[in-house]
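A.B. asks: Here the sequence shown is numbered in the working numbering, starting from 4 and rising by one per residue.
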Amino acid sequence: MNIHTKRLLLEPLGSRHLISTHKYASDFDNTKYMVYLPNTDIRETESFLERVQAEWEKYNPQFYEFAILLDNKHIGAVSIYINNENAEGELGWIICKEFWGNGYASEAAGAIINFAIQELKIRKFIAHCDSENVSSSRVMEKLGFSLVERANGRKNKSSDEDREELMYSLEIK
């Protein structure tokens, strides 16, 4: 299953993306605001990609992880995780730092929202970010999300301190 946007191709993320995924998943600048990253060993990335690939093979996946390709170069990923009632999707994304600031995250996430509305019949979306991740907050706002919650207790993998988390929401009428 591929999704085309104006500038990007979204294709199922899998083991063939190991080296390019590990490049951004192990980079501190790329991941400093993320809960489960950075990966410190390529085996972590490999295990994650095996899990993602196995999910793609299910009849009814509970999540979809797409590789973001720009001119056939893997520059990041975008995902949607579906709740147990199939009523809500949680979005996430990561873009290699050398491609930041070009609107690729919002373009890819917008395409995933459209996919989820049309194919999965999802009407509510949420997304979370560290309160200092201004770029992700801007992506959410650009997509029409509204800030609905601020909460303490976020633990990012690369930080020992308690962080503040922002939750955004978008409901489609």
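Backbone N, C-alpha and C fix where the C-beta goes; we use that ideal spot for every residue, glycine too.
Since the model is a prediction, treat every value here as computed from it, not as a measurement.
Give me the residue from M4, N5, K9, L16 with the minimum Cα distance to W96.
C.D. replies: Nearest C-alpha to W96: L16.
A.B. asks: Can the beta-carbon of Y171 be found closer than 8 angstroms to that of M143?
C.D. replies: Yes, the pair counts as a contact, with Cβ atoms nearer than the cut-off.
A.B. asks: Starting from A57, follow its DSSP beta bridges and name the residues at the other end.
C.D. replies: A57 is not bridged to any residue.
A.B. asks: What residues in its chain sit with their C-beta under 8 angstroms from that of W103, if we drop five residues either side in the sequence?
C.D. replies: Excluding positions up to five away in sequence, the list reads S138.
A.B. asks: Tell me the rounded alpha-carbon separation between S23 and L72.
C.D. replies: Cα-Cα distance, rounded: 11 angstroms.
A.B. asks: Which one or two residues does DSSP pair with I129 in a beta bridge?
C.D. replies: Beta-bridge pairing links I129 to E93, S172.
A.B. asks: Exposed or buried, Y36, counting other C-beta atoms within 10 Å across all chains shown (16 or more means buried)?
C.D. replies: With 16 or more Cβ atoms within 10 Å of its Cβ, Y36 is classed as buried.
A.B. asks: Do you know offhand how far E47's Cα is from N117's?
C.D. replies: Taking the straight line from one Cα to the other gives about 31 angstroms.
A.B. asks: Report yes if the C-beta distance between L94 and A57 is below 8 angstroms; otherwise report no.
C.D. replies: No, these two residues do not count as a Cβ contact at 8 angstroms.
A.B. asks: In terms of residue numbering, what span does the beta strand (DSSP E) encompassing K76 cover?
C.D. replies: It spans 76 to 85 - the beta strand (DSSP E) in which K76 sits, taken as one unbroken run.
A.B. asks: With 16 as the cutoff for other CB atoms within 10 Å, does L150 come out buried or exposed?
C.D. replies: By the 10 Å Cβ count, L150 comes out exposed.
A.B. asks: Only counting the same chain, and skipping five residues up and downstream in sequence, which positions put a Cβ closer than 7 angstroms to that of V55?
C.D. replies: The residues are L16, G17, E68.
A.B. asks: Per DSSP, which residues does L72 bridge with? Please list them.
C.D. replies: The partner list for L72 (beta bridge, DSSP) reads L12, H77.
A.B. asks: Mind checking who R153 pairs with in its DSSP beta bridge?
C.D. replies: R153 pairs with L169.
A.B. asks: Would you list the one or two residues that DSSP bridges to I6?
C.D. replies: For I6, which the question treats as bridged, DSSP gives the partners L13.
A.B. asks: Using a Cβ-Cβ cutoff of less than 7 angstroms, which residues in the same chain neighbour Y27 once the five nearest sequence positions on both sides are dropped?
C.D. replies: Within the same chain, Y27 has close Cβ partners N33, G79, I97, C99.
A.B. asks: Note down the Cα distance separating E91 from D165, rounded to an integer number of angstroms.
C.D. replies: In a straight line, the C-alpha of E91 is about 27 angstroms away from that of D165.
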